[in-house]
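Beneath this line is the structure, given in structure tokens, with notes to follow.
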Amino acid sequence: MSMTADELDKRQAIIGACRRMNALGINQGTSGNISVRHADGLLVTPTSVPYDAMTLDQIVFMAMDGSHAPTQKPSSEWRFHLDILKARPDVHAVVHAHPTYCTILAIMGREIPPVHYMIAAAGGDSIRCAPYATFGTAELSEHAVRALEGRLACLLDHHGMIAVGKSLDKAMWLAVEVETLARQYHGCLQLGEPPLLSSAEIERVRQRMSGYGMSEG
Ligand code: 13P
Numbered sequence: 002m003s004m005t006a007d008e009l010d011k012r013q014a015i016i017g018a019c020r021r022m023n024a025l026g027i028n029q030g031t032s033g034n035i036s037v038r039h040a041d042g043l044l045v046t047p048t049s050v051p052y053d054a055m056t057l058d059q060i061v062f063m064a065m066d067g068s069h070a071p072t073q074k075p076s077s078e079w080r081f082h083l084d085i086l087k088a089r090p091d092v093h094a095v096v097h098a099h100p101t102y103c104t105i106l107a108i109m110g111r112e113i114p115p116v117h118y119m120i121a122a123a124g125g126d127s128i129r130c131a132p133y134a135t136f137g138t139a140e141l142s143e144h145a146v147r148a149l150e151g152r153l154a155c156l157l158d159h160h161g162m163i164a165v166g167k168s169l170d171k172a173m174w175l176a177v178e179v180e181t182l183a184r185q186y187h188g189c190l191q192l193g194e195p196p197l198l199s200s201a202e203i204e205r206v207r208q209r210m211s212g213y214g215m216s217e218g
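Numbering (my numbering), first residue to last: 2 to 218.
Given below as structure tokens:
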């Protein structure tokens, strides 16, 4: 398989991020999947391949119409990766995982409210929870795209979480932040309903973040 240095870098970065996802404790087994925009399509992880065994040539190049080499097997969640990248020109990488605390909240159908100012990094004053639909379906993809409107992360009911960004590094960073927020919110709920920051305050934080270098995207 011949490829440019850029494509090779992206494939290596995807495998590295998959392994990091599990090492960081935000995913387990082969539950997660990752995509990065590339040329006139995307590079997406293969389905059901353990990250330690994943090879560069198993990463699938998919065109924006969903087509790919017939010998390759893209993630079962390729639809939402494709649809998010199509719907969001600002997004260049999509990280999907099943982090424990995000998933606990998602099972309970709860979105994450503004319990901590860091929620602003996900683009607004909430991290929505997309309604349940079977994994890999167009319905789940529609729900995910809607839940991500104006946001860089969402939960998936009875499933997990999606974080997106301008780069794979940013999407990975945000995935960890969102799981941290979910953990904090879950902890607060043990003590009662937590007090929330106002939408105006989150907007102020968003403005400050853009000057701080940990801006969205
Ligand atoms: P893949 O191994 O097909 O990427 O799917 C994992 C998964 O958990 C889907 O949500």
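Ideal Cβ positions, reconstructed from N, Cα and C, are used throughout, including at glycine.
Selection K11, M162, C19 evaluated against L106 yields M162 as nearest (Cα-Cα). Under the three-state reduction of DSSP, A94 is assigned to strand. The residue among G125, K167, V95 with its C-alpha nearest the C-alpha of G151 is G125. In its chain, beyond the 5 residues on either side, R80 have a beta carbon closer than 8 Å to the beta carbon of T138. Secondary-structure assignment with DSSP links A131 through a beta bridge to L157. Assignment of A40 by DSSP, reduced to helix, strand and coil, places it in the coil class. With a cut-off of 8 Å on Cβ pairs, the segment 37-53 is not in contact with the segment 197-214, counting fewer than three such pairs. Distance from the Cα of T181 is smallest, within the candidate group G212, K87, P115, T135, for P115. Y102 and A183 do touch by the CB rule: their CB atoms are close to 4 Å apart, below 8 Å. Judged by beta-carbon spacing, G30 lies beyond the 8 Å limit of M22, meaning their Cβ atoms are not closer than that value. Exposure of T56 is indicated by the presence of fewer than 16 other C-beta atoms within 10 angstroms of its C-beta. Secondary structure note for F81: its alpha helix (DSSP H) is the uninterrupted segment 79-88. Partner residues in the beta bridge of N34, as assigned by DSSP, are H97. Counted as a single uninterrupted DSSP element, the alpha helix (DSSP H) harbouring V206 occupies residues 200-211.
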